[in-house]
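Shown next, in structure tokens, is the structure this report addresses.
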Amino acid sequence: MAQENRVVVLIDMDCFYCQVEEKLNPELAGKPIAVVQYNPWKGGGIIAVNYVARAMGVTRHMRGDEAKEKCPEIQLPSVPCLRGKADISKYRDAGKDVAKVLQKFTPLLERASIDEAYLDITEPVQERLKTFNVNSVTTDLLPNTYALGYDNVEQFIADVHSYGSDSLEFDYEHAKQLLIGAVIVSEIRAAVYEETGYRCSAGIAHNKILAKLVCGMNKPNKQTVLPKHSINMLYSTLPLKKVKHLGGKFGYTVCEVLKITNMIELQVFTEKDLQNKFDEKNGTWLYKIARGIDLEPVQARFNPKSIGCCKQFKGKSALLDLESLKKWLTDLGDEIEDRLEKDALENNRTPKQMVVSFSTYLPDGRDVSSSRSYNFTDDDLCGEFFTKKALELVMDTTEGLKIKDEEGNRRLKAPIKFLGISVGKFEDNTESKKTKRIVDYFCAGPSKVASAKPKETENQDDKPKPCDKKSTEKEGKEYILRKFFQVSNKAPVENKPIRDLSEEKNIKEIVVESPLDKQESFFAKFLNKNTAQFTEEPKSSETVSDIVIHPPTPVCDVINCGENSNDTEYSGSTINDEINKSVALFEEDPTDIDRVSNMRKLLNSTMIPDVIETNSLPKNPEDSQIRNTEDLQEDTAINNKASTSKIETFVCSECSKTIEIDKVDMHADYHLALRLRDEERQQVRSERKVTSAPKIVPQQNTDNKSKKPSLDQSNDKNETSSIASFLVKIDDTTPTEKCAECGKRVPLDKFTEHLDFHEAQRLSREINRKPKPTEITGSAVKRKRKSASPVKKPKMPCKSIASFFSR
DNA sequence: CATGGCGAGTCT
DNA sequence: AGACTCGC
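So the mapping is simple: our numbering equals the position in the first sequence, first residue as 1, plus 596.
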């Protein structure tokens, strides 16, 4: 069966959550309804609105309170709450009930979401045509049916009956199939209503994209057919972003790059055009969908491939201590257990993998997310397994989450904004004994499952014991805690030497360990070097090739500066000294006024002097809550120097964090690193998506103006931009070295900076880095992350020197 | 702080 | 394996 001649249907339940609520509570029938999510803020967030309420102006995105204003008599049933989070299981069950009805009509059913399913009914249509004459189709077989391009269904029926007499492009065979398809879909929808009481709408076309597209054109309780010859009419006014896959960033860049807004405008571009402007795959896909072609098959899938649950902890509700983390992971783990038990009983399958994901707030309020996976072994299935393993994964892989251990106050260093556990990679349970274990476990009865939770926390917490890693493996629930405190207990030991800040040697060791400490010297030097190069460059030079080509002198110095730089000595300075010292790093080049003033501006604007008296121990809880750059790294060492009698601090106006004076430079560089990362990302994106669109990738141009950075009167915003573009500027005559990391060709004399740039990317990525493998779970998760270490490998730069001299 | 909790799929 | 995108 040719893919282009399929009959594909999308069934979409009308305001599904509302219908479920109405069915469960018949008193609601006929009334305006909006389902709100538990969130008590301003009446809860509306996630579904029935059509009565829509008619009165209630929409999603509103809060419950707003809905009441628009429609005082509105009913606001709420999504139930279980374990502190929204519990949508009743909607999931209802969706499954519907899917079961759909499945009676074809096995080729793909559940697309809780309330949507694609059906490929090509076969049923062919079967029907064997015994049913299309000419006997009448409107009473097609209630609530619309055909795009026709005023009403009768006209479409008539067109089919007359072989499309009026239209040259009428594809009779295809239209006939769609018409029969529409008849079958009417029956399907009737069956759904009959058996579940739910109304739905449907789109009928020859592929998934189009079925989806037209399904929404007539709602509720309607179905819409899209004959081939109506596609262009539909496209002529259809915003491109309405098409599935084009509603996000990609669709936006397509519109920007091609300067179009409607689907029909895509048709003027050749396939090659589109492949050049985007990539091969996307170009071809765009070319085809512009002509109504979408070959993606309907997958036969009834059950979800993964089962997961997650929760956000936004803003003030971010998790700050170990207890909250444990609590929420327990709740999430319990939910997974519940749902997995049901799934095991219903589908006789077992997940082979678990993924725990989380995100933490950066000091500036943005967040970084991370995830770790674990492949189950057969011995894994024991009480509270998911919770324990999840906690283990989070704690184990995220040194940045290590607590600040002080006075029994067990705080997480980075506030957790999001937690999620999901399991997947299901395999069918065979008759073999091992895979049956999960069912055994779940069926074993409450005694085992409930596995009374001893109050293990308190005594363990205060007195962490040394533990033998091998023997405690997977033993009991205290295992996690014990392991945890073993780790966190090291902090004071590491801290001790640093208290005396004059001990340079100790500081250096710490600096080496901490990526963001390294960042300080890297970025200071990095920027400094750039300005130096610009100075040496003749200002009047006109061509790119004039950009100075001198040996990358400090390559090895820079590589090593993380280890031996004394930039990290800050002790005994005044605030202004520190600021000036930072600025001085950029003042060596008197010609680079912009950079100097910009940096000064940055420092002045972000650092608001705020001297605070601090006693030897942070009796004030707020003190321990200071979260700056290093807090997100694993380096607990520097933090704990609270023993100094008086600490001067600043408030960073970019991220509102309190920064101790000896971290001002680091902190400023940290913000710079974040900005650089963003730019690099944007650049990568534009290079990838619009490779041949010169307007989007100005950096790629080798035109004259791109080569005079020192004269560039750019403003603050463009300052870092110029740095980024500086890194990728290449000219034919420039000796280059291919970067092993990104494959780009980089001018030799900028190679060091280029490496530093990757360093910058890595730094921000490695907010959640894993500093060292832990033997205990070493078997669980592969961690062969290459070059995860922020410590520079001397290999690359040295190689670049060699190649420089060989040319 | 302010659509949240999903689930699928792609890229590297 | 993990980060990221898309859509409901």
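Just so it is clear, CB atoms sit at the ideal spot from N, CA and C, and this is done for glycine as well.
All values reported here derive from a predicted model rather than from experimental measurement.
Could you pull the start and end residues of the beta strand (DSSP E) that residue i belongs to?
i: Ala1418; result: Residue 1418 is absent from the model: the chain starts at 597 and stops at 1403.
i: Gly680; result: Element bounds for Gly680: n/a, residue is neither H nor E.
i: Thr956; result: Arg945 to Tyr957
i: Glu706; result: Leu705 to Ser709
i: Val631; result: Ala630 to Gln633
Do you know offhand how far residue i's Cα is from residue j's?
i: Arg679; j: Glu942; result: 23 Å
i: Lys1021; j: Pro947; result: 5 Å
i: Ser955; j: Asp927; result: 17 Å
i: Ile710; j: Ile805; result: 18 Å
i: Asn1464; j: Glu669; result: This structure gives no information on residue 1464, because the portion of the chain shown stretches from 597 to 1403.
i: Val952; j: Ser920; result: 16 Å
i: Ser794; j: Cys811; result: The sequence given here places Tyr at residue 794; Ser does not occur at that position. Computed Cα separation, rounded: 16 Å.
i: Gln751; j: Thr741; result: 12 Å
i: Ile1404; j: Leu809; result: Since the displayed the chain opens at 597 and closes at 1403, residue 1404 lies outside it and no answer follows.
i: Leu704; j: Glu662; result: 42 Å
i: Val675; j: Lys923; result: 21 Å
i: Leu738; j: Ile753; result: 10 Å
i: Pro893; j: Val604; result: 9 Å
i: Lys666; j: Ile629; result: 12 Å
i: Asn899; j: Ile889; result: 28 Å
i: Tyr970; j: Phe1014; result: 19 Å
Excluding the five sequence neighbours on either side, which residues of its own chain have a C-beta within less than 8 Å of the C-beta of residue i, listed in chain order?
i: Cys851; result: Leu836, Lys837 and Thr857
i: Gly879; result: Glu867, Lys868, Asp869, Leu870, Gln871, Asn872 and Lys873
i: Met1416; result: Past the edges of the chain, shown from 597 to 1403, lies residue 1416, and the structure says nothing about it.
i: Gln599; result: Asn803, Leu891 and Pro893
Let's test the definition: count the other Cβ atoms within 10 Å of the Cβ of residue i and tell me whether it reaches 16, buried, or not, exposed.
i: Glu706; result: buried
i: Arg887; result: exposed
i: Gln895; result: exposed
i: Thr973; result: exposed
i: Ser966; result: buried
i: Gln773; result: buried
i: Ser758; result: exposed
i: Ala625; result: exposed
i: Tyr638; result: As written in the sequence, residue 638 is Lys, which differs from the Tyr given in the question. Exposed: under 16 other Cβ atoms inside 10 Å.
i: Arg962; result: exposed
i: Gln671; result: buried
What does DSSP give as the partner residues of residue i in its beta bridges?
i: Arg602; result: Per DSSP, none; premise fails for Arg602.
i: Pro835; result: Asn858
i: Ser967; result: Ser953
i: Tyr613; result: Tyr613 pairs with nothing; no bridge assigned.
i: Cys811; result: Cys811 pairs with nothing; no bridge assigned.
i: Thr741; result: Gln819
i: Gly844; result: Per DSSP, none; premise fails for Gly844.
i: Ile684; result: None, per the DSSP bridge assignment.
i: Phe982; result: In the DSSP output, where bridge partners are listed per residue, Phe982 has none listed.
i: Glu712; result: Asp608 and Ser709
i: Arg897; result: Glu706
i: Glu1023; result: Thr946
Take residue i and list the residues in its own chain whose beta-carbon comes closer than 6 Å to its own, dropping the five residues that flank it on each side.
i: Glu791; result: Val697
i: Phe612; result: Asp711
i: Leu925; result: Thr983, Ala986 and Leu987
i: Ser1018; result: Ser902, Gly904 and Val951
i: Val616; result: Tyr687 and Ala690
i: Asp1024; result: Arg945
i: Leu606; result: Tyr714, Gly799, Ala807, Lys808 and Cys811
i: Gly1072; result: Summary for Gly1072: the model assigns pLDDT 30, below 50, so the residue's position carries little reliability; its value from the coordinates is reported in the next sentence. Once the five neighbours on either side are set aside, Gly1072 has no close Cβ partner at all.
Report all residues from its chain with a CB closer than 7 Å to the CB of residue i; omit the five preceding and five following residues, and keep chain order.
i: Ile1012; result: Phe909, Ala914, Leu915, Leu921, Phe954 and Thr956
i: Arg602; result: Asp716, Thr718, His802 and Asn803
i: Cys677; result: Tyr634 and Asp683
i: Ala778; result: Leu738, Thr741, Ile800, Gln819 and Val821
i: Leu834; result: Asn858 and Met859
For the alpha helix (DSSP H) containing residue i, name the first residue and the last one.
i: Ala778; result: Tyr768 to Thr792
i: Glu623; result: Where Glu623 is concerned, there is no enclosing alpha helix (DSSP H), given that its DSSP letter is neither H nor E.
i: Gly660; result: Gly660 to Lys666
i: Ile870; result: Reading off the sequence shown, one finds Leu at residue 870, where the question assumed Ile. Glu867 to Lys873 is the extent of the alpha helix (DSSP H) around Leu870.
i: Leu882; result: Glu876 to Ile885
i: Gln751; result: Val749 to His757
i: Ala649; result: Tyr647 to Arg650
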